[in-house]
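Engineer: Numbers in this note's numbering are just positions in the sequence shown, counted from 1, shifted up by 1.
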Amino acid sequence: MKINVFYLFKSKYKPRRYRMKLSARNQFEGKVIGVNEGAVNGIVSLDVNGTKISGTISMAAIKELGIIEGVTATAIIKATDVMVAVGELKLSARNQFAGKVTSIAEGAVNDIVVIDTPVGAVSATISKAAVEELGLAKDSEAIAIIKATSVMFAR
2 MKINVFYLFK SKYKPRRYRM KLSARNQFEG KVIGVNEGAV NGIVSLDVNG TKISGTISMA
62 AIKELGIIEG VTATAIIKAT DVMVAVGELK LSARNQFAGK VTSIAEGAVN DIVVIDTPVG
122 AVSATISKAA VEELGLAKDS EAIAIIKATS VMFAR
């Protein structure tokens, strides 16, 4: 029996569309306000509540998802990809959202810090030591920092 290997690979890698729930805590819907196309990757800019979220994804993903200016998309960021800072910073990270800490869920090793920002509530999973070192508490000022390469998009 002859197996068509090309068919197997073709069907295996065919893009599929699913409606599903995600475990990523940070999901922000907005309108695409820009796509800066490169040879391999592109930068997608999403307007969420009047604030820009930037994400770097492959050009293949941009094309497959149909991400063009004006469409609605959702930025997805895992809580473990969010850094937290206090005070003034100069960083290369594109996404820096200042706000107030609304809650801290304490764990044995890590805590989940929720910061109310212009894009919405941003959850960050950081170490207990970091929470203590930064002096984070309910109603304290903090900045959620997200590298553009940590942002995923869905449509």
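Glycine included, every Cβ here is placed at the ideal spot set by N, Cα and C. Every value quoted in this text rests on a predicted model; they were computed, and no experiment measured them.
1. Do Thr-150 and Thr-57 have their CB atoms nearer than 7 angstroms?
2. I'd like to confirm the pairing. Which residues does DSSP put opposite Leu-47 in its beta bridges?
3. Quick test of the definition: if touching needs 3 or more C-beta pairs under 8 angstroms, does the stretch 96-113 touch the stretch 122-131?
4. Can you tell me which of the three DSSP states Gly-140 falls into?
5. From Ala-145, Lys-139 and Thr-118, pick the residue whose C-alpha is nearest to that of Thr-126; which is it?
6. Could you tell me the distance, in whole angstroms, from the CA atom of Ser-59 to the CA atom of Leu-135?
7. Output the distance between the C-alpha atoms of Leu-90 and Ile-116, rounded to the nearest integer angstrom.
8. Output needed for Ile-78: all residues of its chain with C-beta closer than 7 angstroms, excluding positions within five of it in sequence on either side, in chain order.
9. Going by the CB atoms, is the gap between Val-114 and Ile-68 shorter than 7 angstroms?
10. With 16 as the cutoff for other CB atoms within 10 Å, does Arg-17 come out buried or exposed?
11. Put Ser-24 into one of helix, strand or coil per three-state DSSP.
12. Quick one: using the 10 Å Cβ neighbour count with 16 as the cut-off for buried, is Arg-95 buried or exposed?
13. If distances are taken between C-alpha atoms only, which option among Ala-143, Gly-108, Ala-131 and Ser-104 comes closest to Val-87?
14. If you draw a straight line from the C-alpha of Val-83 to the C-alpha of Ser-128, how long is it?
15. Under three-state DSSP, which class holds Ile-69?
Structural biologist: Reading off the structure:
1. yes
2. Val-33 and Ile-54
3. yes
4. Residue 140 is actually Asp in this sequence, not Gly. The answer is coil: DSSP assigns Asp-140 none of H, G, I, E or B.
5. Ala-145
6. 35 angstroms
7. 17 angstroms
8. Ala-25, Asn-27, Ile-147, Ser-151 and Val-152
9. no
10. For Arg-17, the predicted structure reports a pLDDT of 49, less than 50, and the residue's modelled location is therefore unreliable. The matter cannot be settled from this model.
11. coil
12. buried
13. Ala-143
14. 12 angstroms
15. coil
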